[in-house]
Amino acid sequence: MAKQVNCDCGFMVRAQSDDELVEHVQLHAREIHQMDVPRDKALEMSKPVEATVTI
Ligand SMILES: [Zn+2]
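Residues 531 to 585 (this note's numbering) are what the sequence shown spells out, left to right.
Following this line, the structure appears as structure tokens:
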């Protein structure tokens, strides 16, 4: 099951694995918001999405 995180700024990231998702969220938060997002928080922000759904 893929997971997706929508940032307040409009950024959206989707990944097939938690590790990948957390990595992308942390990278975005650091580069754009100068924020360090803990793994727990990144996963808390995420919601499961159907892998077949495209936006
Ligand atoms: Zn953002």
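The beta-carbon is built from N, C-alpha and C at its ideal position, and this holds for glycine as well.
In this chain, V567 is not harboured by any beta strand (DSSP E), its DSSP state being neither H nor E. Judged by DSSP in its simplified three-state form, M575 adopts helix.
Minimum Cα-Cα distance from K571 among the listed residues A545, E580, L551 and E561 corresponds to L551. Judged by DSSP in its simplified three-state form, Q546 adopts coil rather than helix or strand.
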